[in-house]
Amino acid sequence: MTGMPDSNIVIETRQLTKRYGSLLVLDHIDEVIHEGEKVAIIGPSGSGKSTFLRCLNCMEDPTEGAVYFDGVNIADMRVDINKHREHIGMVFQSFNLFNNKTVLQNIMLAPVYLGVRRLRIAKLKALFSKKAKEKLAQMNTSEAAIKAQARENALKLLRRIGLEDKADKYPSTLSGGQKQRIAIVRALAMNPRVMLFDEPTSALDPEMVGEVLDLIRQLAKDGMTMVIVTHEMGFAREVADRILFMDGGIIAEQGTPAEIFDSPKNERTKQFLKAVL
Amino acid sequence: MNKTNPFLKKHWIDILVVAAIAALAVLFAVNVYYQFNFAKKWDLFVYYFIENDGYTRLITGMKNTALIAVFGLLIGFAIGTLIAVLRVIPPYKKLTRYAHKVCTVYVAIFRGTPIVVQLLVGYYILFPIMHVSLSPVNACIAIFGFNSGAYISEIMRGGINSVDAGQLEAARAVGLPFSVAMLKVVVPQAFKNILPTLGNEFIALVKETAVVGYVGAVDITKCFQDLGSNSYEYMIPYLVMALIYIVIVATIAALVKLMERRLARSDRHA
């Protein structure tokens, strides 16, 4: 994957470093995620893999270094991070569905809010300039239309995962597997360029792991760019184009699944794989 | 007579104690009744209360107490939520750190001085200086609002902390700004958690309004004070006043309890 042209880079970290006090969690990591790539991050607990993932959308602010998303350094505090996070989907270990909202509201909340706000800002600008007025005319939409479209899209996504009958249910009535699939769909509703999965199956009962992995597999097949922190080695091997093995805050070894799982070169990788496989 | 009642057999000592206390209470009541010339006092109270327009004033007083407590709570809730949300913003920016300081000072001032002092300073000094002319009742609403805002901010902060941090993260992850994530996702959940505590805050507020007479607002307390001083007879007005407060507070407490049970049930069924 290294021979790809630069225009295909989705996320690039340069000298990404994260410290908690004196504890060095990420140690000057340079890494590139390309368009359409499926990257799995494995490694022992405490190796910094979740922190690395969370730095990719600045959920954790890096202590040093840069994170380029679409060519913009989103680690820069002056950048409006919200604008970029829209395009980076994130799925959490503990699902984090909004407990006070129904399934449908969970999915619609961000698209509707952001769409309506964009429209209102355009309307406001149109009061002052002619150019903005033309732009507003081009948008050719209304708040009602935005809501209707978001609703339609949400229902379509729910249908895809076979949960449209749960649209008006609250998250507390759902199983873990259902919650996680809805969380994935909630991220998809924003049409992200890349999806970050933070141990998406670690909090699930064993019999529900399959349905979530199936959905992620589908996304992979559809060509979604993904970064997955996981303990499911079999899944990582099957879905990923590239495996990153992290240990002690650095990417100790990386390569294709075959390289990492069948002939690891790094001593720590060997130890880790021996322990988990 | 070998068939004794089992209830009597088991509880005779309790019954004896209750009977003794009741007898003492009756004795005391009779004593008071004659010694303090209760009948005359009652007649006087009835005269001032019914025939001298005491009851219309009481209605105004109750209305004012309710106005000050209810709107005080609403304003307090708005201010308290604002302060609590401001205080949980991570202090990366200079502006945030200043906002934190302002909030801390605000809370320290309003929790660190008696409400009577706040009323006096506000109504007689600060409002006139700022050329704000409010009626006594409106001034009380404002000051009680500011005051309970300080207390509710602490309650709300606890409520916000009780909501799983993942909720905020998930909202931020889809691109919602901090303020929106807070107001649409975190605060509604926090609000549900602190509803019973807010009910208790409301009860406290109702009781605290008893001091608004200091700035000339007529509430329940003021109204009975005046009734007492008009008739030169305080005993019955004050007892009736206490009774009215107990009934009001007990009613609100019952409502809060009902609400708590409802919430617990909706948690189970969700």
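Residue numbers (numbering that gives the first Met the number 0), protein chains in the order written: chain A, 0 to 276; chain B, 0 to 269. Think of the CB as a built atom: it goes at the ideal place given N, C-alpha and C, for glycine as much as any other residue.
For Lys-221 of chain B, no beta strand (DSSP E) encloses it; the enclosing alpha helix (DSSP H) starts and ends at 219 to 230.
Straight across, the Cα-Cα distance linking Gln-224 of chain B with Ile-82 of chain B is about 37 Å.
Taking all protein chains shown into account, Gly-248 of chain A has 16 or more neighbouring C-beta atoms within 10 Å of its C-beta and is therefore buried. Within the same chain, and ignoring the five residues on either side of Val-210 of chain B in sequence, the residues whose Cβ sits closer than 7 Å to its Cβ are Ile-114, Val-115, Leu-118. A direct Cα-Cα distance of roughly 7 Å separates Leu-135 of chain A from Lys-122 of chain A. Unbroken alpha helix (DSSP H) runs of no fewer than 4 residues, entirely contained in the stretch 40 to 91 of chain B, are found at 53 to 87, following chain order. When DSSP reads this structure, Lys-17 of chain A sits in a beta bridge with A:Leu-25. From the listed residues A:Phe-196, A:Thr-200, A:Met-207, the smallest Cα separation to Thr-224 of chain A is found for A:Phe-196. The continuous beta strand (DSSP E) containing Phe-68 of chain A extends over residues 63 to 68. One Cα belongs to Ser-230 of chain B, the other to Thr-64 of chain B, and the distance between them is close to 23 Å.
The contact set of Tyr-67 of chain A on chain B, defined by CB atoms closer than 9 Å, is empty, because the minimum CB distance reaches about 18 Å. Of all residues in the stretch 182 to 204 of chain B, those with a C-beta nearer than 7 Å to a C-beta of chain A are Lys-183, Val-184, Pro-187, Gln-188, reading in chain order. A distance below 8 Å separates the beta carbons of Leu-156 of chain A and Ile-106 of chain A. Listed along chain A, the residues sitting closer than 9 Å to Ala-170 of chain B by beta-carbon distance are Asn-95, Phe-97, Leu-108, Ala-109. DSSP places Arg-192 of chain A in no alpha helix (DSSP H); its state is neither H nor E.
Secondary structure remark: continuous alpha helix (DSSP H) runs of at least 4 residues inside the stretch 178 to 208 of chain B, in chain order: 186 to 207. Along the stretch 122 to 140 of chain B, there is no position whose C-beta sits under 9 Å from a C-beta of chain A. From the listed residues A:Pro-256, A:Gly-47, A:Val-78, the smallest Cα separation to Tyr-19 of chain A is found for A:Gly-47. Put simply, the stretch 212 to 221 of chain B touches the stretch 121 to 137 of chain B. At least three CB pairs are less than 8 Å apart. For the pair Ile-140 of chain B and Ile-245 of chain B, the Cα-to-Cα distance works out to about 22 Å. Of all residues in the stretch 12 to 28 of chain A, none has a C-beta nearer than 9 Å to a C-beta of chain B. Here Leu-194 of chain B is near Met-258 of chain B, since their CB atoms are less than 8 Å apart. Rounded to the nearest whole angstrom, the CA to CA distance from Gly-176 of chain A to Ser-141 of chain A is 36 Å.
For the stretch 232 to 249 of chain B, the set of positions with a beta-carbon nearer than 8 Å to some beta-carbon of chain A is empty. In terms of CA proximity to His-33 of chain A, A:Tyr-67 leads the group A:Tyr-67, A:Lys-17, A:Lys-165. Per the coordinates, the alpha-carbon of Thr-200 of chain A lies some 12 Å from the alpha-carbon of Leu-214 of chain A.
Around the C-beta of Pro-61 of chain A, 16 or more other C-beta atoms lie within 10 Å, and the residue is accordingly described as buried.
Counting along the chain, the unbroken alpha helix (DSSP H) around Arg-159 of chain A starts and ends at 142 to 159. For Tyr-91 of chain B, the nearest CB of chain A lies under 8 Å from its own CB, placing it at the interface with that chain.
Between Ser-49 of chain A and Glu-198 of chain A, the gap from beta carbon to beta carbon is short of 8 Å.
Secondary structure within the stretch 61 to 125 of chain A: the alpha helix (DSSP H) runs of 4 or more consecutive residues, fully enclosed, are 80 to 84, 102 to 125 (chain order). Beta-bridge analysis with DSSP links Asp-246 of chain A to A:Ile-249.
When the five nearest sequence neighbours on each side are left out, the beta carbons in the same chain lying within less than 7 Å of the beta carbon of Gly-53 of chain B are those of Tyr-47, Leu-226, in order along the chain. By the neighbour-count criterion, in which a residue is buried when 16 or more other Cβ atoms sit within 10 angstroms of its Cβ, Asn-4 of chain B is exposed. Counting only residues of its own chain and dropping the five nearest sequence neighbours on each side, Arg-53 of chain A has a CB closer than 6 Å to the CB of Glu-59. Chain A places a beta carbon closer than 8 Å to that of Val-173 of chain B, counting this residue as a contact.
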